[in-house]
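When we follow this note's numbering, the leftmost residue of the sequence shown carries the number 13, and every step to the right adds one. All C-beta atoms in this analysis are idealised placements derived from N, C-alpha and C, irrespective of residue type, glycine included. Step one of this worksheet: look at the structure below.
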Amino acid sequence: QVQLVESGGGLVQPGGSLRLSCTTPANIFSIYAMSWYRQAPGKQRELVSTITSGGRTDYADSVRGRFTISRDSAKNTVYLQMDSLKPEDTAVYYCHARRPVLPTREYWGQGTQVTVSS
13 QVQLVESGGG
23 LVQPGGSLRL
33 SCTTPANIFS
43 IYAMSWYRQA
53 PGKQRELVST
63 ITSGGRTDYA
73 DSVRGRFTIS
83 RDSAKNTVYL
93 QMDSLKPEDT
103 AVYYCHARRP
113 VLPTREYWGQ
123 GTQVTVSS
């Protein structure tokens with residue numbers, strides 16, 4: 013069973029920052045595209061950001077310019093730096109790994125709560 017281990021969530025005031033981390037097994041990290049999703053209460057899970065094994069990144073319009081995704085090959089870890097946080101960023105954030113070639117494989121982390129409130 014592949015485990016994606018997340019950390020870094022918490023409570024922060026509007027305008028503040030948090031950094032989420034997701035550590036994966038080395039064989040996953042080297043090949044898979046890594047993403048962060050989030051799910052707010054009563055809403056569908058949405059894609060926040062993706063980084064490929066080659067380092068190409070993409071962001072949802074709602075977070076572009078405020079969030080930065082990155083990966084550290086030495087630590088097999090993907091980060092999501094979240095700046096200028098807004099109350100609407102409050103959600104459970106999930107790490108996701110997807111194998112970009114056949115056979116398709118995907119894995120999810122357990123989720124970490126991010127709450128933006130004064």
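Tyr71 is not a Cβ neighbour of Leu32, given a cutoff of 8 angstroms. For a cut-off of 8 angstroms, the C-beta gap from Ser96 to Gly27 is around 6 angstroms, short enough to register as a contact. Measuring C-alpha to C-alpha distances from Thr35 to each of Arg50, Gln15 and Gly21 identifies Gln15 as the nearest. When DSSP states are grouped into helix, strand and coil, Ile81 belongs to the strand group. Residue Thr62 holds the alpha-carbon nearest to the alpha-carbon of Cys107 among Arg68, Thr62 and Ser85.
A direct Cα-Cα distance of roughly 25 angstroms separates Asp84 from Pro115. Within the model, the alpha-carbon separation for Met46 versus Asp101 is close to 20 angstroms. Selection Gln93, Tyr44, Gln13 and Lys87 evaluated against Arg78 yields Gln93 as nearest (Cα-Cα). Taking the C-beta atoms as reference points, Arg68 is found no nearer than 8 angstroms to Glu58.
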